[in-house]
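Taking my numbering, the leading residue of the sequence shown gets 23, the next gets one more, and so forth. We treat Cβ as the ideally placed atom computed from N, Cα and C, and that holds for glycine.
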Amino acid sequence: MNSEKLHRVFLGLGSNLGEKEENIHKAITLIGERVGLVVRQSSLISTEPWGFESEHTFVNAAILCETELSPREVLRATQQIEREMGRTHKSVAGHYADRLIDIDILLYDDLRVDEPDLQIPHPLMLKRDFVMIPLREIRD
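Structure (C-alpha cells):
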C-alpha cells in the first residue's frame, strides 16, 4: 500500500448475542482483511444496552484501521461483514435491537460527512460511553 493514500478510520464494534467476544474478534479479523490494517485495538468492555431494553449485555471495542478505501467503501465493507456474520437488520430511526455484531464508522481522518445513510463523525458517539471509553483508549 502507498502510505500517502492511507486514511485513518476509527470503528466501533458491539455484540450482545452468541459468543460476544468471539464475534468481536471475528469482525476485527474480517475488517483487517477487507478494510485495512488494524493498527490499534481497545480492550473489550462489557456494557448495558443503550436505547432499548434487553437481558443481554454488550461487549464493545474500538479499533483504528489504516485504509485506502473511501468512507462509502468502508461502509459497504462493514455492512457486508455484518450481514455475513448474521446481522439481518440495521437500527433505523432510533429503534435498536439485540445484534450479533454492529460496526459503526466513528471517525475518518478529519472528514465530515452528512448523508442520510452515512454521518461522520458518528452523530451519537459523544453520548455513548460504550463508544467513547474504548475510543479514548486508542486515540493519540
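- Query: Given that a residue counts as buried once 16 or more other Cβ atoms are within 10 Å of its Cβ, and exposed if not, what is M23?
  - Reply: Low confidence applies here, because M23 scores a pLDDT of 46, under 50, leaving its location unreliable and the question unanswered by this model.
- For the region 76-117, list the beta strand (DSSP E) runs that are entirely contained and at least 3 residues long, ordered along the chain. 80-89
- Message: Spatial neighbours of K42 within its chain, please: C-beta separation below 6 Å, excluding the five flanking residues on both sides.
- Response: V81
- Message: Distance check for R30 and L140, CA to CA, integer angstroms please.
- Response: 17 Å
- Message: If I follow the unbroken alpha helix (DSSP H) through G54, where does it start and stop?
- Response: 42-56
- Message: Measuring only the C-alpha atoms, how far is V153 from A83?
- Response: 7 Å
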